[in-house]
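Heads up: the protein sequence lines correspond to chains R and B, in order. Going by this note's numbering, 46 is the number at position 46 of the first sequence; the sequence numbering is gapless. Whatever position you read off the second sequence (first residue = 1), add 677 for this note's numbering. Before any comments, here is the structure.
There are 2 protein chains.
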Amino acid sequence: MVHLNALIHEGDNPDLTSERLKASFSTESLSETIYGGKQKLLRRREIVMYVDEHKELHDEKPVEFMTREERIENAARKVVAMRKHYYECVENEDPAETHYFQMLCTHLDGMPIGLHMGMFLPTLYTQTNDEQKEKWLAKAANLGMIGTYAQTEIGHGTNLRMLETTATFDRASDSFVLHSPTVSSTKWWPGNLGKSSNHAIVVAQLYIDKKCYGPHTFLVQLRDEETHRALPGITIGDIGPKFGINTIDNGFLRFDHFKIPRSNMMMGHSKVEADGTYVKPIHAKVGYGAMVYVRSVMTLMQGAFLAMAATIATRYSAIRRQGVINPGQGEVQVLDYQTQQHRLFPQIARAYAFYLTGKHIRDMYYDVVQNLSEGNADTLPELHAITSGLKSVVTHQVGLGIEQCRMACGGHGYSQASGIPLLYTVAIGGCTYEGENMVMLLQTARFLMRTAAAVRSGKRPATKGPSQFDYIFVAGPRQCRLGQAMTAGNCVPAMVECFEHVAKRLTLRAHERLELRKNEGRSKEDAWNDTAVDLTKASRAHTRVFIAKAFAKAVSDIADSAVSKAMTDLLHLYLSYEIVEIGTSLLEDGFMSGEQLASTQKAVYELLAKIRPNAVSLVDAFEFDDREHHSVLGRRDGHVYENLLKWAQHSELNKSDVLPAFTKYLGPMMKEARSKL
Amino acid sequence: MVHLNALIHEGDNPDLTSERLKASFSTESLSETIYGGKQKLLRRREIVMYVDEHKELHDEKPVEFMTREERIENAARKVVAMRKHYYECVENEDPAETHYFQMLCTHLDGMPIGLHMGMFLPTLYTQTNDEQKEKWLAKAANLGMIGTYAQTEIGHGTNLRMLETTATFDRASDSFVLHSPTVSSTKWWPGNLGKSSNHAIVVAQLYIDKKCYGPHTFLVQLRDEETHRALPGITIGDIGPKFGINTIDNGFLRFDHFKIPRSNMMMGHSKVEADGTYVKPIHAKVGYGAMVYVRSVMTLMQGAFLAMAATIATRYSAIRRQGVINPGQGEVQVLDYQTQQHRLFPQIARAYAFYLTGKHIRDMYYDVVQNLSEGNADTLPELHAITSGLKSVVTHQVGLGIEQCRMACGGHGYSQASGIPLLYTVAIGGCTYEGENMVMLLQTARFLMRTAAAVRSGKRPATKGPSQFDYIFVAGPRQCRLGQAMTAGNCVPAMVECFEHVAKRLTLRAHERLELRKNEGRSKEDAWNDTAVDLTKASRAHTRVFIAKAFAKAVSDIADSAVSKAMTDLLHLYLSYEIVEIGTSLLEDGFMSGEQLASTQKAVYELLAKIRPNAVSLVDAFEFDDREHHSVLGRRDGHVYENLLKWAQHSELNKSDVLPAFTKYLGPMMKEARSKL
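This is the structure:
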């Protein structure tokens, strides 16, 4: 028998099966929407089957039970195995398939070549000249060396210009001398730097004849290729355990007058010639696109993280029974509590909103890259502006959402068996890396302030094609139209107007306050800092506009009417929930009335009840394999308790009944105490 | 030279010293306020010195670098050492001194006798009869045995009535037979159950002649006292790694028809006689006080957690320099950014608010205990109502606040060297244990709904003395009085009115909606569930009233005028920040105007600037010893970077330059790849 929910199997926990039987839409159809069509979905399933069948791609025990050394060794073993199976399993080196194959093998736990793939190789591709490409690319691409990207220093993060590591040109030996002059100049944090990599792209201040030319990049060999020992002049190691990502050997690195050939400077753009002549890059912003890349895919990645947490918590809430609502009717599924729905369903909605917005952004990115390759940088600023805001808003909301999902699992959510602690620590790192969130919001704010200045001056800049800032130039309705002469079907435009109104108002208000501070005599920079919190508020509001529109657009593009209906409920929940969240800004200037807000809140409650029967199927449609979330609570089959017991057997503490802690300490102590009674 | 900040030492990081020199008040005086007077503060310092001088009370290396087995062994070692030094160091078994001594030795990392001290012993004291006290108390108190409290089962948490473990009376052998009939009945989660304890108080359903008498408590020996092996009929072990508290061996436990003597049932209240006669307890709610105890001290504990995180992040923000505000003036302390202040200072304010409210609650608790001992339970419900709400609101805000502090430390916040990951995982557990937060809010809501019914019916119940609910019966102003005919000095009452107004309105609205649902024909229980989210909102609002009043009262009690001034700024920040946070509820019914809200927001910004010079001194006044937070970033002396480097040397990965991961896997792989070039 064919069910609307494609994940029903015989022998599953009956509570989950009965949830899945309630689906009002085909999960398969929604999965196709998520992953870009039937063919891609089928390929995903084939990859799952392939990985299932090859034991050497699996972990012998859950990584949570391994020491860091074991985790790193296990990950290295899998890298070798993945390399062996890659062409067998992945078609045409397709990036999405590659990513999925890797995800199934390493889940969220990282691997020793993560930075090599994500940063080292792309830098080699984009920043080298032809000679360098010839020399390094094949070797790096075939894993003849492992590299990383060493930028951050212990005392310097976001502000690149203040990096202290020096690369001093030595004309006599035609080389650069790399040096770490202070403690605070120690390279610190780069992934895979501590132990795995034998090469790194190092960012250092270029000095020629005592003149500083600012930060440049250099390919540096760190370790002997045969023995892997650190080369003389190099001090290198692991920076110790972190909140998460402990399989990754984030490292430190110090140079003691370490020489590299002049030809190891990345010469694709700027150059130093043998006589010490410095040749400037042609475009100042070359390589800018690569920086925006990670931010461009972060929204998608973070959406997937939240979807995973929501999958775990929603499935578990369907099989967990606790407490009685109506006496005599037995314990209920915790998913029946309104408080639980109010915790979880907005997370499902946000997961979809972010994931679908992320797909949109990824497409924008490909457009920008295409345009750049044609010498056209016009679309880059739009991408830069929104990815900065998205990075900040999405990582923040995803972090909060994952924690809500974890707590919705009660005590078991706190166990690593839930998979959510690892998920949280991986996801929340996104608030900090690739540009700290506050800094990112202030970048978006620069665009908004430019827009506000144009609005105030009445001089709208000419843009080619539509811009995300267009709405700021348009006078919207003075009163929120929610509930006025609208059928339920077309409330979305009125809701989007709410976000636009707030973003517009907060942008213009921040601009006004900024100008006021300047007029009061503060320097431009001080005025900016005095207004910074208001600026971040404007950026967040603008980002909400973008997500609301992107999500609404994605839902309106769904052809399957049953899927469209279910997703429209989720969209409505998303929009209503967000409106309640920014209620203050909507009420403050009288745009929205108290009654309208109250109706929106009521709509949230009604939507929770409406979504309840589809909840499990909505998360199922992401089709996360158990290997991906590797959560006992989130298992597809719902057999949680017996597998929690099995999982716990791996604990190192369970290897012997009596620990040395007893024999050496607690036993003698108790014995002595008893002897005195 | 005597400085106003008592923590200035020669050789400290000059950035921290110059911050400390800015103090406008005596930190010593504020510390005395926090810890209850000069004498107690001095004793704390003596305890620090004592622990400093005794090496066996220290960790050989930071616990973050130890495996779980090593951590448990290390903690057991320290328990023996602490027992040896206890009477030497702590005066008259004073509970506050005991707690501090333990904190300095084990910081947040837990110990194998945590549950013994916190749950096992108190249960023996309160639930046994005289004969049992005689038999067990001395032995337990002297650590002749180690016990824990085994209640939660793998399938059952909050809802005690559904526990499945059975204790069946066997008349023939005058014993109870303990049994775990299902997988879901497995005891799961109790701290120190897995490996450390040899006894437990077990909660099980009492059966006599096939009749169930509900859950009762039994003292059960789990392991042989000499060999520590699990006794036949008992399966026991560790449940595996968790988000945090990994030094604690939370355990599982299964019984296979395990017999214990009848006299091992806790017979202080209910009883089973030799012939199987069941004797009911006299008071139904006996032991209720003990349950409220943990919740009563949680506010204090959580306040301290947040204060610790704020200490770490504020000190670090004073020594971290990054980015330039005004060109040519060098990199600034990140504490100078408004966004950073807006992240951190409200956390400092909340830390004080919670800590001082916590002290108030602890005093309420002692009153209740005193009253109970005189046979008067009148004050218990008031305590129960507010501790439920506080537990939920405070743990939630503390969790968010700690994460803000962590992220305010940028990348280094993510390292375990910051101390904040451990702090967060320990603190956030509080959202789940001792009654899940949503359940707790709904308990407070029951009191609020009773109050609302009384308001509606016009029948105010007679209470002895003032009640936290009094304000709900009083008509407050219809319009917010902020900014109206008030000097800056007395804005506090008008601010408190804001919280009262919202709590009152949300309480009455929830009650109205509850009644409406019932009138629509929903059962009382369904109506409650339909209104649950509104009910939690009312509870949170009520709790905010309580905290605002308690904090305001505590500040108004400060005699030292300089301290009072600094703390008043913090109180104003707390209140203003909270008002902005609940802006929606204040604007929704027109109580507050948009202008009033905007002024409050402006006041927040002004207060940030005003508090800036005192920020470090305000956290310093908590006088956390470096041993307590054991954070490299939060060191009193501010020497962060060199100590991060030192800290990292402990990493197991740094024991050898080349790991097996290279020799076994990555090395051969790269070599093979190079051979093919």
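All C-beta atoms in this analysis are idealised placements derived from N, C-alpha and C, irrespective of residue type, glycine included.
Practice item. Count the other CB atoms, across all protein chains shown, that sit within 10 Å of the CB of residue 815 of chain B; report buried if there are 16 or more and exposed otherwise. Key: Within a 10 Å sphere around the beta-carbon of residue 815 of chain B sit fewer than 16 other beta-carbons, which makes this residue exposed.
Practice item. Taking residue 391 of chain R as the query, report the chain B residues whose CB atoms sit under 9 Å from its CB, ordered along the chain. Key: Proximity of chain B to residue 391 of chain R at the Cβ level (cut-off 9 Å) is not reached, the minimal Cβ distance being about 13 Å.
Review point. Closer than 7 Å, Cβ to any Cβ of chain R: which residues of the region 1305-1324 of chain B, in chain order?
Key: Hits within the stretch, in order: 1318, 1319, 1321, 1322, 1324.
Check your understanding: Taking DSSP as the reference, what is the three-state secondary structure of residue 409 of chain R?
Key -> The DSSP-derived three-state label of residue 409 of chain R is coil.
Practice item. Would you mind working out which of R/444, R/668, R/670, R/659 sits nearest residue 748 of chain B, comparing C-alpha positions? Key: Of the residues R/444, R/668, R/670, R/659, the one whose Cα lies closest to the Cα of residue 748 of chain B is R/659.
Review point. Counting along the chain, where does the alpha helix (DSSP H) carrying residue 799 of chain B start and finish?
Key: Here the alpha helix (DSSP H) through residue 799 of chain B covers 798-804.
**Study point:** Rounded straight-line distance, which links the Cα of residue 1325 of chain B to that of residue 252 of chain R
**Key:** Near 9 Å, if we compare the C-alpha coordinates of residue 1325 of chain B and residue 252 of chain R.
Practice item. Can you say whether residue 769 of chain B is buried or exposed, counting buried as having 16 or more other CB atoms within 10 angstroms of its CB? Key: Answer is exposed; the Cβ neighbour count stays below 16.
Review point. In its own chain, which residues sit with a C-beta less than 6 Å from the C-beta of residue 1358 of chain B, not counting the 5 before and 5 after it?
Key: Here chain B comprises residues numbered 678 to 1354, so residue 1358 of chain B is not present and cannot be evaluated.
Practice item. Just mark residue 1108 of chain B as buried or exposed, buried being the case when its beta carbon has 16 or more other beta carbons within 10 Å. Key: Buried, since its Cβ has 16 or more Cβ neighbours within 10 Å.
Check your understanding: Which runs of the alpha helix (DSSP H) spanning at least 4 residues fall entirely within the region 465-497 of chain R, listed in chain order?
Key -> List check, alpha helix (DSSP H) in window: 470-473.
**Study point:** Buried or exposed by the 16-neighbour rule on C-beta atoms within 10 Å, applied to residue 543 of chain R
**Key:** With 16 or more other Cβ atoms within 10 Å, it is buried.
**Study point:** Cα-Cα separation, residue 942 of chain B to residue 334 of chain R
**Key:** Their Cα atoms are separated by approximately 33 Å.
Practice item. Would you mind reading off the limits of the alpha helix (DSSP H) that contains residue 879 of chain B? Key: First-last for residue 879 of chain B: 876-885, but that is the beta strand (DSSP E), not the alpha helix (DSSP H).
Practice item. Using DSSP bridges, identify the partner residues of residue 219 of chain R. Key: By DSSP's assignment, residue 219 of chain R forms a beta bridge with R/201.
Review point. Based on Cα-Cα distance, which residue from B/730, B/1293, B/980, B/789 lies nearest to residue 752 of chain B?
Key: That would be B/789, whose Cα lies nearest to the Cα of residue 752 of chain B.
Exercise for review: List the residues that DSSP assigns as beta-bridge partners of residue 166 of chain R.
Suggested key: R/179, R/205, per the DSSP bridge assignment.
Practice item. Quick one: using the 10 Å Cβ neighbour count with 16 as the cut-off for buried, is residue 1030 of chain B buried or exposed? Key: Result: buried.
Point to revise | Reference residue 1243 of chain B; option with closest CA among B/1212, B/1285, B/1222 | key: For residue 1243 of chain B, the nearest C-alpha among the options comes from B/1285.
Review point. If you count every other CB in all the chains shown that lies within 10 Å of the CB of residue 1193 of chain B, and 16 or more means buried, which is it?
Key: It is exposed - the Cβ of residue 1193 of chain B has fewer than 16 other Cβ atoms within 10 Å.
Exercise for review: Since I believe residue 128 of chain R is in contact with residue 36 of chain R (beta carbons under 8 Å), could you give me their beta-carbon distance rounded to a whole number of angstroms?
Suggested key: Between residue 128 of chain R and residue 36 of chain R the Cβ distance is about 33 Å, and since that is not below 8 Å, they are no contact.
**Study point:** Check whether residue 1155 of chain B and residue 1174 of chain B have beta carbons under 8 Å apart
**Key:** Their beta carbons are not under 8 Å apart, which means residue 1155 of chain B does not touch residue 1174 of chain B by this criterion.
Point to revise | chain R contacts made by the region 895-913 of chain B, where a contact means CB separation under 9 Å | key: Against chain R - using a Cβ distance shorter than 9 Å - the residues of the region 895-913 of chain B are 900, 902, 903, 904, 905, 906, 907, 913.
Practice item. Give the residues from the region 922-949 of chain B that approach chain R closer than 8 Å (Cβ to any Cβ), ordered along the chain. Key: Within the region 922-949 of chain B, the qualifying residues are 926, 929.
Practice item. Give, in chain order, every residue of the region 870-891 of chain B whose Cβ lies closer than 9 Å to some Cβ of chain R. Key: Against chain R - using a Cβ distance shorter than 9 Å - the residues of the region 870-891 of chain B are 871, 872, 873, 875.
Review point. Touching or not, the region 497-509 of chain R and the region 537-552 of chain R, by the rule of three or more beta carbon pairs under 8 Å?
Key: Between the region 497-509 of chain R and the region 537-552 of chain R, the count of C-beta pairs closer than 8 Å reaches three or more; the two stretches touch.
Review point. For residue 407 of chain R, which of R/15, R/363, R/312 has the nearest alpha-carbon?
Key: For the residues R/15, R/363, R/312, the minimum Cα distance to residue 407 of chain R belongs to R/312.
Check your understanding: Can you tell me whether residue 375 of chain R is buried or exposed, with buried defined as 16 or more other CB within 10 angstroms of its CB?
Key -> Label assigned to residue 375 of chain R: exposed.
Practice item. Mind checking who residue 260 of chain R pairs with in its DSSP beta bridge? Key: Partner(s): R/176.
Exercise for review: Flag this pair as touching only if the region 253-264 of chain R and the region 1110-1121 of chain B have three or more C-beta atom pairs under 8 Å; answer yes or no.
Suggested key: No contact exists between the region 253-264 of chain R and the region 1110-1121 of chain B.
Practice item. Count the other C-beta atoms from every protein chain shown that fall within 10 angstroms of the C-beta of residue 160 of chain R, then say buried if there are 16 or more, exposed otherwise. Key: That one is exposed.
Practice item. Could you work out which residues of chain B lie near residue 410 of chain R, taking near to mean beta carbons separated by less than 9 Å? Key: Within chain B, 834, 835, 1109, 1113 have C-beta atoms less than 9 Å from the C-beta of residue 410 of chain R, given in sequence order.
Exercise for review: Use the C-beta contact count for residue 419 of chain R: other C-beta atoms within 10 angstroms, 16 or more gives buried, fewer gives exposed.
Suggested key: Taking all protein chains in view, the Cβ of residue 419 of chain R is crowded by 16 or more other Cβ atoms within 10 Å, so the residue is classified as buried.
Review point. Going by the beta-carbon positions, is the gap between residue 979 of chain B and residue 1062 of chain B smaller than 8 Å?
Key: No; because the gap between Cβ atoms is not below 8 Å, this pair is not in contact.
Review point. If you check the beta carbons only, do residue 315 of chain R and residue 619 of chain R fall under 8 Å apart?
Key: Closer than 8 Å, so yes.
Practice item. Verify the CB distance criterion: does residue 1160 of chain B have a CB-CB separation below 8 Å to chain R? Key: Judged by the 8 Å Cβ criterion, residue 1160 of chain B is not in contact with chain R.
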